[in-house]
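Undergrad:
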Amino acid sequence: MAGYLKAHGVRNRKVLVADSFEGLPKPEPQYPIDATSKFHEQDFLRVSLPEVQGNFKKYDLLDDSVVFLKGWFKDTLPTAPTEKIAIARLDGDMYSSTMDALNNLYPKVSVGGYVIIDDYSIGYCAAAVHDFRAAHNITDPLVIIDHTGVY
Ligand SMILES: C[S@@+](CC[C@H](N)C(=O)[O-])C[C@H]1O[C@@H](n2cnc3c(N)ncnc32)[C@H](O)[C@@H]1O
Numbered sequence: 079m080a081g082y083l084k085a086h087g088v089r090n091r092k093v094l095v096a097d098s099f100e101g102l103p104k105p106e107p108q109y110p111i112d113a114t115s116k117f118h119e120q121d122f123l124r125v126s127l128p129e130v131q132g133n134f135k136k137y138d139l140l141d142d143s144v145v146f147l148k149g150w151f152k153d154t155l156p157t158a159p160t161e162k163i164a165i166a167r168l169d170g171d172m173y174s175s176t177m178d179a180l181n182n183l184y185p186k187v188s189v190g191g192y193v194i195i196d197d198y199s200i201g202y203c204a205a206a207v208h209d210f211r212a213a214h215n216i217t218d219p220l221v222i223i224d225h226t227g228v229y
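Dropping the structure here:
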């Protein structure tokens, strides 16, 4: 996304990158659907902030248009420094993570904006999407992208 904006000379938008940079959270009792999740044990899902920043730097994309929000979504997203979102791309795998992101970001998505859900093939994530849509009477189409993603 940062590369696209730079290539097209778009300077009036920011890319917010929210992640714990410490992997996924343990299942919380508040979200029983996540009870069987073992994602928090997966080391390959723990990628540090310096490593991610280093990857942006490799492509000369580490500037103040990219804002890193380090921490759990439930702590960082309620105060995410943006009023309007064009594209929210969610990739949190779990029910809790997807729900925290939808609750905090969906209300800021502009009319005509998009929400991309990378992990719809994961049952925890799909359940959060369905529950959120039902709770808010959202009837916009859920469009399949590939074997796992929808928007
Ligand atoms: C499947 S990985 C995807 C990482 C990245 N989007 C990519 O495609 O390389 C899921 C990421 O979400 C982060 N994550 C999941 N749930 C989170 C939460 N509740 N709070 C903060 N980060 C979370 C993990 O740390 C992990 O980096």
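For the sequence shown, position 93 (counting from the first letter as 1) is numbered 171 according to the working numbering, and the numbering increases by one without interruption.
Backbone N, C-alpha and C fix where the C-beta goes; we use that ideal spot for every residue, glycine too.
Which of the three DSSP states is assigned to ASP141 in this structure?
TA: Indexing the sequence shown from 1 puts residue 141 at position 63. It is coil, neither helix nor strand.
Undergrad: Compare the beta carbon distance of CYS95 and VAL145 with 8 Å and say whether it is the shorter of the two.
TA: Sequence index remark: in the sequence shown, residue 95 carries index 17 (1-based). Sequence index remark: in the sequence shown, residue 145 carries index 67 (1-based). Checking the sequence, you will find Val at residue 95 rather than Cys. Closer than 8 Å, so yes.
Undergrad: Run through the DSSP bridge pairs and tell me what ASP97 is partnered with.
TA: Stepping through the sequence shown from its first residue, residue 97 is reached at position 19. Bridge partners of ASP97: LYS148.
Undergrad: Under a three-way DSSP split, which group does TYR192 fall into?
TA: Reading the sequence shown from its first residue, position 114 is the one you call residue 192. Looking at TYR192 - three-state DSSP - the assignment turns out to be strand.
Undergrad: How about PHE210 and SER175: are their beta carbons less than 8 Å apart?
TA: One-based indexing of the sequence shown puts residue 210 at position 132. One-based indexing of the sequence shown puts residue 175 at position 97. Cβ atoms of PHE210 and SER175: not closer than 8 Å.
Undergrad: Determine the extent of the alpha helix (DSSP H) in which ARG211 is found, giving its start and end residues.
TA: Here residue 211 corresponds to residue number 133 of the sequence shown, with the count starting at 1. Here the alpha helix (DSSP H) through ARG211 covers 201-213.
Undergrad: Starting from ILE163, follow its DSSP beta bridges and name the residues at the other end.
TA: As a working mapping, residue 163 is identified with position 85 in the sequence shown. Residue pairing by DSSP places ILE163 opposite VAL187 in a beta bridge.
Undergrad: Can you find the residues in the same chain that come closer than 7 Å, C-beta to C-beta, to VAL228, ignoring five residues on each side of it along the sequence?
TA: Start at 1 with the first residue of the sequence shown, and residue 228 comes out as number 150. These residues qualify, in order along the chain: ILE195, TYR198, LEU220, VAL221, ILE222.
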